[in-house]
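Peer 1: Please find one structure pasted underneath; my questions will follow.
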RNA sequence: GGUGGGUUACCGAAGCGGUCAAACGGGUCUGACUGUAAAUCAGAUGGCUAUGCCUUCGCAGGUUCGAAUCCUGCACCCACCA
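Residue numbers (the working numbering): 18 to 446.
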């Protein structure tokens, strides 16, 4: 199976501008680009698919360019959005662009020593570098002239907004010109002849292809991948508490791992195909195992493993797995503060003077309140009475339970838990 | 501006002088079950130095041995009439 057929088999090709794209790619190494929005200083699961697609291209011998939209981010892409986006200031954008570029190293190979079929390493480019210098008049004359308004009005991203109540500003309307020019610039400068993007980017991609033809009579290509959505129609990568980030400081490896472990049965097959680098045989055998015995949830575990390793490395995966073991019942003992701190990175903590552990010890009820697991002593008492309180993952059997130095799970920390999975640390200082 | 109705715990909603920390439903929490799922079932759901005490029923006063419940004033909301 050649590279493009593999992409198709994985469900990663939604639309392509040319039915022969596969042959074109197989003919020789190409340069391909995809854009990323610098709306935050970290990438999140929503942009994961794009990175993975570029990564696949690189592994297949092509050269990927990741374009971070330092310029377009100032405007705001209207595609797939129902309302005008608020604009980011330049400083924020620059910081975000740097943050994104750093994270991309996990996915793409930027090492100049490693060349892929003579194509060189991956590149990160900031479109502000080539767009920032335009004057308005120059832009209108050289670029704007090539865009018939009736064609622009026909784009879905524009039509849907004009049809709704939200309307659209001239600024957003102009967005597609900038992205179209990106493609033209990259084609001229880097020989980049293929743009890939999410299916909502189709309009912008074809705008770039048209512009390349008009300006330079040059044929370039585009393809889109499907948007990653869950079977219930909601967006992938979002939880009640917000987006799942690729930055370990924003979303811990454990939380990231857990997000994928909890993937619905209906979604996990597609995720394995699109997001992991497992072979079709492996995926097929996971599919078979799942329909045989869904409750083993092998697919979810494998998905979580693969993606956590990709995003957070082997060490991150190890932490996530250790944390998983602990969060799902293993008793906690004999750990050190540092390890415990990593495992419970997301967990809130309370403090108490160490002297409380001496003599009679610290009443369990007070400990629960101090750690923030109960909002009053009465609340804490109820939790204990109902059998919902745990010290280091061991159930507390009565209100007379007190905590002493023997309950320390590490040098200075006691792990408290209320219910199935609500944890808090109590630091004895 | 006039008349009538309302304002109750996280939300909705009963209560109309003592037995009201306040029915009921939702939510939330805990437990059982389970696939770290969904559904279901059970219990809990103001605070405390706790068989008792304290604070809550729009706000401020008053009547009464005793008020969420009665009276007065104020604020906000709804309906009808101007």
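All C-beta atoms, glycine included, are put in the ideal place defined by N, C-alpha and C.
(1) Grab the span of the alpha helix (DSSP H) containing residue 147 for me, first residue to last.
(2) For residue 443 and residue 342, what's the separation of their Cα atoms in angstroms?
(3) Assuming residue 229 and residue 213 make a contact with CB atoms under 8 angstroms, what is their CB distance in whole Å?
(4) Determine the closest residue to residue 234 out of 43, 180, 163, 93, with distance taken between C-alpha atoms.
(5) Pick from 277, 117, 47: whose alpha carbon is nearest that of residue 86?
(6) Measuring alpha carbon to alpha carbon, tell me which residue in 193, 125, 236 is nearest residue 80.
(7) The beta strand (DSSP E) spanning residue 81 covers which residue range?
(8) In the DSSP output, what is residue 252 paired with across the bridge?
(9) For residue 114 and residue 144, what's the separation of their Cα atoms in angstroms?
(10) Would the region 388 to 401 and the region 427 to 444 be scored as touching if the rule is three or more Cβ pairs under 8 angstroms?
(11) Would you report the Cα separation of residue 76 and residue 58, rounded to the nearest angstrom?
(12) Between 92, 161, 38, which lies nearest to residue 189 when the distance is taken from Cα to Cα?
(13) Can you give the Cα-Cα distance for residue 428 and residue 346, rounded to whole angstroms?
(14) Quick one: what's residue 141 bridged to in DSSP?
(15) I need the boundaries of the alpha helix (DSSP H) containing residue 206, first residue and last residue.
(16) Along the chain, where does the beta strand (DSSP E) that runs through residue 172 open and close?
(17) Count the other CB atoms, across all protein chains shown, that sit within 10 Å of the CB of residue 210; report buried if there are 16 or more and exposed otherwise.
(18) Closest to residue 314 by CA distance: which of 396, 356, 285, 107 is it?
(19) Between which two residues does the alpha helix (DSSP H) carrying residue 127 extend?
(20) Which term fits residue 172, buried or exposed, when burial requires 16 or more other beta carbons within 10 angstroms of its beta carbon?
(21) What is the C-beta distance between residue 381 and residue 406, in whole angstroms, given that I count them as a contact (C-beta under 8 angstroms)?
(22) I'd like the list of long-range same chain contacts for residue 231, defined as Cβ closer than 6 angstroms, with 5 residues on each side in sequence excluded.
(23) Indicate whether residue 320 and residue 278 have their beta-carbon atoms separated by less than 9 angstroms.
(24) Do you know how far the Cα of residue 302 is from the Cα of residue 227?
(25) On the DSSP bridge list, what partners appear for residue 241?
(26) In this structure, how does DSSP classify residue 64 when only helix, strand and coil are distinguished?
(27) Which stretch, first to last residue, makes up the beta strand (DSSP E) that contains residue 435?
(28) What do you reckon, are the CB atoms on residue 38 and residue 19 nearer than 9 angstroms?
(29) Would you kindly work out how many angstroms separate the C-alpha atoms of residue 72 and residue 328, rounded to a whole number?
(30) Can the beta-carbon of residue 219 be found closer than 9 angstroms to that of residue 239?
(31) Flag this pair as touching only if the region 362 to 377 and the region 261 to 276 have three or more C-beta atom pairs under 8 angstroms; answer yes or no.
Peer 2: Taking the structure as given:
(1) 145 to 148
(2) 20 angstroms
(3) Not quite, the Cβ-Cβ distance comes to about 15 angstroms (not below 8 angstroms), so this is no contact.
(4) Per the Cα distances, 163.
(5) 117
(6) Residue 80 has its Cα closest to that of 125, out of 193, 125, 236.
(7) 80 to 85
(8) Partner(s): 246.
(9) Near 10 angstroms, if we compare the C-alpha coordinates of residue 144 and residue 114.
(10) yes
(11) So the two alpha carbons sit approximately 26 angstroms from each other.
(12) 92
(13) 21 angstroms
(14) 83
(15) It spans 192 to 207 - the alpha helix (DSSP H) in which residue 206 sits, taken as one unbroken run.
(16) Careful: residue 172 lies outside any beta strand (DSSP E) and carries neither H nor E.
(17) By the Cβ-count criterion, residue 210 is buried, with 16 or more other Cβ atoms from all chains shown falling within 10 Å of its own Cβ.
(18) 285
(19) Neither: residue 127 is in no alpha helix (DSSP H) and is coded neither H nor E.
(20) buried
(21) The beta carbons of residue 381 and residue 406 sit about 6 angstroms from each other, so the pair counts as a contact at 8 angstroms.
(22) 163
(23) yes
(24) 43 angstroms
(25) 32, 214
(26) helix
(27) 430 to 435
(28) Going by C-beta atoms, residue 38 is not nearer than 9 angstroms to residue 19.
(29) Answer to the nearest angstrom: the Cα atoms are 12 angstroms apart.
(30) Less than 9 angstroms divides the Cβ of residue 219 from the Cβ of residue 239.
(31) Output reads yes: the region 261 to 276 touches the region 362 to 377.
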